[in-house]
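Enquirer: Sequences listed follow chains A and B, in order. Here the first sequence stands for residues 12 to 173, where the numbers follow my numbering. Here the second sequence stands for residues 2 to 210, where the numbers follow my numbering. We put the CB at the ideal spot given by N, CA and C, even for glycine.
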Amino acid sequence: MGPLKLPSTVISQTDIARLMRELNGLDDFFVGAHARQSGTKMGLPKISRQIDLTARENKINLLDMAGRQHMMAELKTIYEKAPNLHISFAIEPSPKAFEKVILWMRSNIHPQTLVSIGLQPAIAAGCVVRTTNKVFDMSLRASLAKEAGYLKELVQGAVDGR
Amino acid sequence: MNNGGLILIVGSLVAAALAFLWLAFKLEAGGRRQEGPAVPDDVRNAASKDVEHIFNDDFREELRNRGRLHFEKIIGENAMFLQQDLRQTTTQLNDYMRAEITRTLQDEFKKYEQSIADAKQIAMDSIEKTVATIEQQRQFLEQQMKSQSDAQKAKIIGRFEEEMSSIINHYVVKAIGNQIDLSDQLDFILNEMENNKQAIIEDIRNGTS
């Protein structure tokens, strides 16, 4: 088994933590199932779509304890070591649009990149990506500020009649 | 008129008066001398008789009249000479006085004209200096105002250039802030991420190592 592939619906550390909690819940369920007396009623645990997709993409059988343990170990590694970026948009991104962003990140930066989303209406358009040490301002505001010299040239040209 | 001329005229008048007095005195002395020195009595008496005979009252009166006429003639002639001299002297004096007065007046007029010319020149110089000073002040003020105007203009333009881009940015950001959907921005965002890809990867590596 290789490193865990994360589906596009699993985005942030919070999602990873939720998956870990669900896995723990499943473990508890199976331990309880072992310990139960025959004839005792027990309810099946509900799992989320995210853990189901993760298990499917990684071909892990959640009924198998070894598979769950492997998944838990991988999730812990991801939680602790995977690159965690913070990205801010001007407006709340739609899941469909954001999926393309996260897919690009996982295919170009790191396959297990985690992202937390923020909002900054002041940037107008684009986004601001914050890594551990740096901030990459890829917003329209920064782009306009970068082109201020060109704007001055245009205004100067208009004033000079060129 | 100078003092020499005046003294000359007064001296002439005094000399004429003295000459007149001397002549009168001389005539009177001559008349007295005709009485003659002392002679013997008989001669005197005979002479007196002859004299009385010759120089009777009529004759004496005749002589007296002649003398009077002669004296009057001389007096008249001298008076005429004196009058001529006086007239001539007066004429010369008038001419002299006129010439002196004219010369003095001309001198005074010349001085007056010179004073007026000097005052005019001084006034002109003063006016020219004032005009030059005013012109200097005007040029200085003009230069000062121009430099202040240029500085103010440059300041305004500088401030406009400094603030213009931020004002336009702010306006654009405010205007389109919530109008663009993320789907429309994806190409821009992915393109920007592609441009910053290496920097992001390097920072992640540095941050995680």
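Within the 8 Å Cβ cut-off, does Val112 of chain A reach chain B?
Expert: To locate residue 112 of chain A, count along the first sequence from 1; it is residue 101. Yes, Val112 of chain A counts as interfacial toward chain B.
Enquirer: Could you tell me whether the Cβ of Ser166 of chain B comes closer than 8 Å to any Cβ of chain A?
Expert: As a first step, residue 166 of chain B must be located in the second sequence, where it is residue number 165. Chain A contact via Cβ: present.
Enquirer: State the Cα-Cα distance for the pair Glu164 of chain A and Tyr172 of chain B, rounded to the nearest angstrom.
Expert: Counted from its first residue, the first sequence places residue 164 of chain A at position 153. Counted from its first residue, the second sequence places residue 172 of chain B at position 171. So the alpha carbons of these two residues sit roughly 19 Å apart.
Enquirer: With distance defined between alpha-carbon atoms, name the residue in B:Asp126, B:Leu87, B:Tyr113 nearest to Ala18 of chain B.
Expert: Here residue 18 of chain B is taken as the residue at index 17 of the second sequence, counted from 1. Nearest C-alpha to Ala18 of chain B: B:Leu87.
Enquirer: Determine, using beta carbons only, whether Ala155 of chain B comes closer than 8 Å to chain A.
Expert: Counting from 1 along the second sequence, the entry for residue 155 of chain B is found at position 154. Chain A has no Cβ within less than 8 Å of the Cβ of Ala155 of chain B.
Enquirer: By the criterion of Cβ-Cβ separation under 8 Å, what are the contact partners of Arg117 of chain A in chain B?
Expert: Taking the first residue of the first sequence as position 1, residue 117 of chain A is located at position 106. Within 8 Å Cβ-Cβ: nothing; Arg117 of chain A doesn't reach chain B, min ~12 Å.
Enquirer: Say whether chain B places a C-beta atom closer than 8 Å to the C-beta of Met149 of chain A.
Expert: The sequence position of residue 149 of chain A within the first sequence is 138, counting from 1. By this cut-off, Met149 of chain A is an interface position.
Enquirer: Using a Cβ-Cβ cutoff of less than 6 Å, which residues in the same chain neighbour Pro41 of chain B once the five nearest sequence positions on both sides are dropped?
Expert: The count along the second sequence starts at 1 and reaches residue 41 of chain B at position 40. None.
Enquirer: Return the residue from the list A:Leu151, A:Met82, A:Ile113, A:Val139 that minimises the CA-CA distance to Asn35 of chain A.
Expert: If you number the first sequence from 1, residue 35 of chain A lands on position 24. The residue from A:Leu151, A:Met82, A:Ile113, A:Val139 with its alpha-carbon nearest to that of Asn35 of chain A is A:Met82.
Enquirer: Please classify His121 of chain A: does DSSP put it in a helix, a strand, or coil?
Expert: Counted from its first residue, the first sequence places residue 121 of chain A at position 110. Coil.
Enquirer: Kindly list, in the order they appear in chain A, the residues whose Cβ is closer than 8 Å to that of Ser150 of chain B.
Expert: Translated into positions along the second sequence, residue 150 of chain B becomes position 149. Correct list: empty, because the minimum Cβ distance to chain A is about 18 Å.
Enquirer: Residue range of the alpha helix (DSSP H) that Ser49 of chain A falls in?
Expert: In the first sequence, counting from the first residue as 1, residue 49 of chain A sits at position 38. It is not in any alpha helix (DSSP H) - Ser49 of chain A carries neither H nor E in the DSSP assignment.
Enquirer: Would you please state the rounded distance, in angstroms, between the beta carbons of Arg79 of chain A and Leu37 of chain A? I believe it to be under 8 Å.
Expert: The residue labelled residue 79 of chain A in the question sits at position 68 within the first sequence. The residue labelled residue 37 of chain A in the question sits at position 26 within the first sequence. Contact holds; Cβ gap of about 6 Å.
Enquirer: Considering only the alpha carbon of each residue, which of B:Ile76, B:Asp58, B:Asn4 lies closest to Trp23 of chain B?
Expert: Translated into positions along the second sequence, residue 23 of chain B becomes position 22. It is B:Ile76 whose Cα lies nearest to the Cα of Trp23 of chain B.
Enquirer: Give the secondary structure of Ile71 of chain A by DSSP, where H, G and I count as helix, E and B as strand, and everything else as coil.
Expert: Here residue 71 of chain A refers to the residue found at position 60 of the first sequence. In the structure shown, Ile71 of chain A sits in coil (DSSP, three-state: anything other than H, G, I, E or B).
Enquirer: Report all residues from its chain with a CB closer than 6 Å to the CB of Ser210 of chain B; omit the five preceding and five following residues, and keep chain order.
Expert: Walking along the second sequence from the start, residue 210 of chain B turns up at place 209. Caution is warranted here: a pLDDT of 44 is assigned to Ser210 of chain B, below 50, making its placement in the model unreliable, and the coordinate value is therefore given only provisionally. For Ser210 of chain B, where only same-chain residues beyond five positions count, there are no Cβ hits under 6 Å.
Enquirer: Taking 8 Å as the CB-CB limit, is Lys249 of chain B close to chain A?
Expert: Summary: the structure shown does not reach residue 249 of chain B, with chain B confined to residues 2 through 210, and so no result is reported for it.
Enquirer: Hey, does Gly168 of chain A have any beta-carbon neighbour from chain B nearer than 8 Å?
Expert: Taking the first residue of the first sequence as 1, we reach residue 168 of chain A at position 157. Judged by the 8 Å Cβ criterion, Gly168 of chain A is not in contact with chain B.
Enquirer: Specify, as a first and last residue, the run of the alpha helix (DSSP H) that Val166 of chain A falls within.
Expert: Residue numbering aside, residue 166 of chain A sits at position 155 when the first sequence is read from its first letter. That run of the alpha helix (DSSP H) goes 159–171.
Enquirer: For a contact meaning CB atoms closer than 9 Å, what does Asp188 of chain B contact in chain A?
Expert: To locate residue 188 of chain B, count along the second sequence from 1; it is residue 187. The premise fails here: Asp188 of chain B is roughly 10 Å from chain A at the closest Cβ pair, so nothing lies under 9 Å.
Enquirer: Examine the Cβ distances between the region 7–21 of chain B and the region 177–197 of chain B and report whether three or more of them are shorter than 8 Å.
Expert: no
Enquirer: Just the Cα atoms here: how many angstroms apart are Val41 of chain A and Leu74 of chain A?
Expert: Within the first sequence, residue 41 of chain A is the residue found at index 30, counting from 1. Within the first sequence, residue 74 of chain A is the residue found at index 63, counting from 1. The question names Val, but residue 41 of chain A in the sequence shown is Phe. Those two C-alpha atoms are separated by around 8 Å.
Enquirer: Check whether the Cβ atoms of Ser154 of chain A and Gly129 of chain A sit closer than 8 Å, and answer yes or no.
Expert: For the purposes of this step, residue 154 of chain A is taken as the residue at position 143 of the first sequence. For the purposes of this step, residue 129 of chain A is taken as the residue at position 118 of the first sequence. For Ser154 of chain A and Gly129 of chain A, no; Cβs fall outside 8 Å.
Enquirer: Counting only beta-carbon separations shorter than 8 Å, does Ser210 of chain B have a partner in chain A?
Expert: As a first step, residue 210 of chain B is located in the second sequence; it is residue number 209 there, counting from the start. Legend: pLDDT at Ser210 of chain B = 44, less than 50; position of this residue unreliable, value from coordinates given subsequently. No, Ser210 of chain B does not count as interfacial toward chain A.
Enquirer: Below 8 Å, can you find three or more Cβ-Cβ pairs linking the region 143–154 of chain B to the region 106–120 of chain A?
Expert: no
Enquirer: Residues in its own chain within less than 8 Å of Ile201 of chain B by CB, not counting five upstream and five downstream?
Expert: Position 200 of the second sequence, counted from the start, is the residue given in the question as residue 201 of chain B. Here the set comprises Met194.
Enquirer: Using only the alpha-carbon positions, how far apart do Gln107 of chain B and Gln115 of chain B sit?
Expert: Reading the second sequence from its first residue, position 106 is the one you call residue 107 of chain B. Reading the second sequence from its first residue, position 114 is the one you call residue 115 of chain B. The straight-line gap from Cα to Cα measures roughly 12 Å.
Enquirer: Over the uninterrupted beta strand (DSSP E) stretch that includes Met149 of chain A, give me the two end residues.
Expert: Reading the first sequence from its first residue, position 138 is the one you call residue 149 of chain A. Where Met149 of chain A is concerned, the enclosing beta strand (DSSP E) stretches over 146–150.
Enquirer: Over what stretch of residues does the alpha helix (DSSP H) that includes Ser184 of chain B continue unbroken?
Expert: Along the second sequence, read from residue 1 onward, the residue named residue 184 of chain B stands at position 183. Looking at the DSSP string, the run of the alpha helix (DSSP H) that includes Ser184 of chain B is 183–196.
Enquirer: Residue range of the beta strand (DSSP E) that Leu192 of chain A falls in?
Expert: Given a span of 12 to 173 for chain A in the structure shown, any question on residue 192 of chain A remains unanswerable.
Enquirer: Can you pull the chain B residues whose beta carbon is under 7 Å from the beta carbon of Lys121 of chain A, in chain order?
Expert: As a first step, residue 121 of chain A must be located in the first sequence, where it is residue number 110. For the record, residue 121 of chain A in the displayed sequence is His; it is not Lys. Residues of chain B with a Cβ closer than 7 Å to the Cβ of His121 of chain A are, in chain order, Ile205.
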